[in-house]
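This report refers to the structure that appears directly beneath it.
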Amino acid sequence: EVQLMESGGGLVQPGGSLRLSCAASGFTFRSNWMHWVRQAPGKGLVWVSRINRDGSNTAYADSVKGRFTISRDNAKNTLYLQMNSLRAEDAAVYFCTRDPGNYLDYWGQGTLVTVSS
Amino acid sequence: QSALTQPASVSGSPGQSITISCTGTSSDIGGYNYVSWYQQHPGKVPKLLIYDVTNRPSGVSNRFSGSKSGNTASLTVSGLQAEDEADYYCSSYASSSTLVFGGGTKLTVL
Chain A
1035 EVQLMESGGG
1045 LVQPGGSLRL
1055 SCAASGFTFR
1065 SNWMHWVRQA
1075 PGKGLVWVSR
1085 INRDGSNTAY
1095 ADSVKGRFTI
1105 SRDNAKNTLY
1115 LQMNSLRAED
1125 AAVYFCTRDP
1135 GNYLDYWGQG
1145 TLVTVSS
Chain B
6 QSALTQPASV
16 SGSPGQSITI
26 SCTGTSSDIG
36 GYNYVSWYQQ
46 HPGKVPKLLI
56 YDVTNRPSGV
66 SNRFSGSKSG
76 NTASLTVSGL
86 QAEDEADYYC
96 SSYASSSTLV
106 FGGGTKLTVL
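Structure representation (structure tokens):
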């Protein structure tokens, strides 16, 4: 059974940093592109970032470019999202998702990031 | 990276059919056959309904179908049931292997 389990969310002050993790199991992690998607409370889904199979190619939404860094450790079956210079508008549930081919077939339960002083 | 355009809400009675539109540009929907649709019930994780414009994953009801014409994709839900009441999101592949979502459509079953 495919499982994606996010962790690392929490309360952080504006300008602060957080690192999200996503532990993957039940499939060959190194064979899949992976994405982060976020959803602010009561709002819609927003694509954040993606990474290719070996981590050599990444892409970001304009709103997080230069502040967020996606990475992966295929030996640990884990996806990461390093978030720096956090803003109030970054507050959201962050979902880790699997990409078998330009769509997202499995989603984690999400981890909540709150940005507030 | 502009969001795709969806109607904020649609509604229909049980047994009827509804269609949700999703409009993009030639840089996303119009340029690739990589449109997907997701259903999200309140407090739940999004669920994949349609991928590659028309394909349904195993286990998804055949009451859900997708199509595309030019820069606009559509999701049709036939034989509406109470359990279909949820938020629906379209998504498309865009340049440089990025994705873009629509703003979401709330489906109400009357």
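Quick note, the sequences are listed as chains A and B, same order. The opening residue of the first sequence carries number 1035 in the numbering used here; numbering runs sequentially from there. The opening residue of the second sequence carries number 6 in the numbering used here; numbering runs sequentially from there. No residue lacks a Cβ here, since even glycine has one placed at the ideal position from N, Cα and C.
In angstroms, rounded to a whole number, what distance separates the CA positions of B/TYR98 and A/SER1150? 33 Å
Start-to-end residues for the beta strand (DSSP E) that takes in A/ALA1057: Run containing A/ALA1057: 1052-1059, per the beta strand (DSSP E) assignment.
Does any residue of chain A have a CB that is nearer than 8 Å to the CB of B/PRO51? yes
Mind pulling the chain A residues with CB within less than 9 Å of B/GLY109? LYS1077, GLY1078 and LEU1079
B/LYS2: which of B/SER7, B/SER18, B/GLY48 and B/ILE25 sits nearest, CA to CA? Outside the modelled stretch of chain B, which goes from 6 to 115, sits residue 2 of chain B, for which no answer is possible.
Please state if the CB of B/GLY64 and the CB of B/TRP42 are separated by a distance shorter than 8 Å. Going by C-beta atoms, B/TRP42 is not nearer than 8 Å to B/GLY64.
Once you ignore the five residues that flank A/SER1065 on each side, which residues in its own chain have a CB closer than 8 Å to its CB? ARG1087
At a cut of 8 Å, does the stretch 1108-1121 of chain A reach the stretch 14-22 of chain B through at least three beta carbon pairs? no
Which residues in the same chain have their Cβ closer than 7 Å to the Cβ of A/TRP1067, if we skip the five residues on either side of it in sequence? ARG1084, ILE1085, ASN1086, ARG1087 and ASP1133
Below 8 Å on the Cβ atoms is my contact criterion, and I expect B/PRO62 with B/LEU53 to pass it. Report the Cβ-Cβ distance as a whole number of Å. The pair is a contact, with the Cβ atoms about 6 Å apart (cut-off 8 Å).
I think B/SER16 touches B/LEU104, with their Cβ atoms under 8 Å apart; what is that distance to the nearest whole Å? In fact, because the Cβ distance is near 28 Å, the residues do not count as touching under 8 Å.
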